[in-house]
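Q:
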């Protein structure tokens, strides 16, 4: 998938925390009835962001911003560059249908002291395992083998067991449309460090 070139100061992956704050200050007025109209430059920047995240940039700005905002705030890094030196080990459900990515991430999680349940490549197998193994956190790809998606699984995990979810996905549109289900997002391609940092941010949230 080819993304548009991001506007100046905005990365196509994880946007700098300060820039997320700037964007929220600029566009959150759209969420308030009677909010100030956007300048042409601000509207152009929002449409550029929408294209980066594979959203329909032809939609009105007031419809675009909630989806763009959902992705930005859930994948933004902490305001400081450092992450906690000690992160409490967690039991992590891993659902990723890319075998190589799943193996690499399992190794990174193990090395960081987390206990991994999985990895699974289908939502059905993962949900069955969760009924047998209480988990603290779920790392979910969205597009999986089998009929159910990571979104379906996230909804079930939250409603049945209250398990917080981090989406691991290159399907940014689906992630944005279902952002309310996720405590955080890590957009593909990702490294083990990206995922560990996202888990660490949940520790201090």
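In UniProt numbering, the protein residues as written are 1 to 205. C-beta: ideal position from N, C-alpha, C; glycine also.
Does DSSP put residue 106 in a helix, in a strand, or in coil?
A: Position 106 of the chain shown, counting from 1, holds the residue named residue 106. Helix at residue 106.
Q: For the 8 Å Cβ check, are there 3 or more pairs between the stretch 93 to 101 and the stretch 139 to 147?
A: Judged by Cβ distances under 8 Å, the stretch 93 to 101 makes contact with the stretch 139 to 147, as three or more pairs qualify.
Q: Going by the DSSP bridge assignment, what does residue 187 pair with across the sheet?
A: If you number the chain shown from 1, residue 187 lands on position 187. Note: residue 187 sits in a beta bridge opposite 169.
Q: Among residues of its own chain, excluding the 5 on either side of residue 46, which ones have a beta-carbon nearer than 8 Å to its beta-carbon?
A: Along the chain shown, one-based indexing puts residue 46 at 46. 27, 38, 61, 64, 65, 68.
Q: Report all residues from its chain with a CB closer than 6 Å to the CB of residue 90; omit the five preceding and five following residues, and keep chain order.
A: Against the chain shown, residue 90 aligns to sequence position 90. Hits under 6 Å: 114, 136, 137.
Q: What residue range is occupied by the uninterrupted alpha helix (DSSP H) comprising residue 87?
A: For the purposes of this step, residue 87 is taken as residue 87 along the chain shown, with counting starting at 1. Per DSSP, residue 87 belongs to no alpha helix (DSSP H) and is neither H nor E.
Q: Once DSSP output is grouped into helix, strand and coil, what is the label at residue 164?
A: In the chain shown, the residue the question calls residue 164 occupies position 164. It is coil, neither helix nor strand.
Q: Since I believe residue 181 is in contact with residue 112 (beta carbons under 8 Å), could you give me their beta-carbon distance rounded to a whole number of angstroms?
A: Against the chain shown, residue 112 aligns to sequence position 112. Against the chain shown, residue 181 aligns to sequence position 181. So it is not a contact: roughly 24 Å between Cβ atoms.
Q: Step through the CB atoms of chain B and report whether any lies within less than 8 Å of the CB of residue 153.
A: Looking for chain B here will not work: only one protein chain is present.
Q: Residue 184 and residue 201 look like a contact to me (Cβ under 8 Å); what is the Cβ gap, rounded to whole Å?
A: Stepping through the chain shown from its first residue, residue 184 is reached at position 184. Stepping through the chain shown from its first residue, residue 201 is reached at position 201. About 6 Å; that satisfies the 8 Å criterion.
Q: If you draw a straight line from the C-alpha of residue 99 to the C-alpha of residue 174, how long is it?
A: Here residue 99 refers to the residue found at position 99 of the chain shown. Here residue 174 refers to the residue found at position 174 of the chain shown. About 21 Å.
Q: List the whole-angstrom C-beta distance separating residue 50 from residue 41, where the pair is believed to meet the contact cut-off of C-beta under 8 Å.
A: The residue labelled residue 50 in the question sits at position 50 within the chain shown. The residue labelled residue 41 in the question sits at position 41 within the chain shown. Wrong, their Cβ atoms sit about 15 Å apart, outside the cutoff.
Q: Give me the Cα-Cα distance between residue 119 and residue 54, rounded to the nearest whole angstrom.
A: By 1-based counting over the chain shown, the position of residue 119 is 119. By 1-based counting over the chain shown, the position of residue 54 is 54. Distance between the alpha carbons of residue 119 and residue 54 is about 28 Å.
Q: Count the other C-beta atoms from every protein chain shown that fall within 10 angstroms of the C-beta of residue 149, then say buried if there are 16 or more, exposed otherwise.
A: Residue 149 sits at position 149 when you count from the first residue of the chain shown. It counts as buried.
Q: Is the beta carbon of residue 157 closer than 8 Å to that of residue 250?
A: Here the chain has residues from 1 to 205 only, and residue 250 is not among them.
Q: Compare the C-alpha of residue 131 against each of 171, 117, 70 and name the closest.
A: Taking the first residue of the chain shown as 1, we reach residue 131 at position 131. Of the candidates 171, 117, 70, the one whose C-alpha sits nearest the C-alpha of residue 131 is 117.
Q: Cβ of residue 187 within 8 Å of Cβ of residue 75?
A: Taking the chain shown and counting its residues from 1, the one referred to as residue 187 is at position 187. Taking the chain shown and counting its residues from 1, the one referred to as residue 75 is at position 75. Going by C-beta atoms, residue 187 is nearer than 8 Å to residue 75.
Q: For the putative contact between residue 146 and residue 124, defined by C-beta atoms under 8 Å, what is the C-beta separation to the nearest angstrom?
A: For this step, residue 146 is matched to residue 146 along the chain shown. For this step, residue 124 is matched to residue 124 along the chain shown. Between residue 124 and residue 146 the Cβ distance is about 5 Å, and since that is below 8 Å, they are a contact.
Q: In three-state terms, what does DSSP make of residue 192?
A: Translated into the one-based positions of the chain shown, residue 192 becomes position 192. Three-state DSSP puts residue 192 in a helix.
Q: Judging by CA-CA distance, which residue of 122, 194, 21, 178 is the nearest neighbour of residue 73?
A: Counting from one through the chain shown, the residue named residue 73 turns up at place 73. Comparing Cα-Cα distances from residue 73 to each of 122, 194, 21, 178, the minimum goes to 21.
Q: Classify residue 191: buried if its beta carbon has 16 or more other beta carbons within 10 angstroms, exposed otherwise.
A: Taking the first residue of the chain shown as 1, we reach residue 191 at position 191. Classification of residue 191: exposed, given that the 10 Å Cβ count is below 16.
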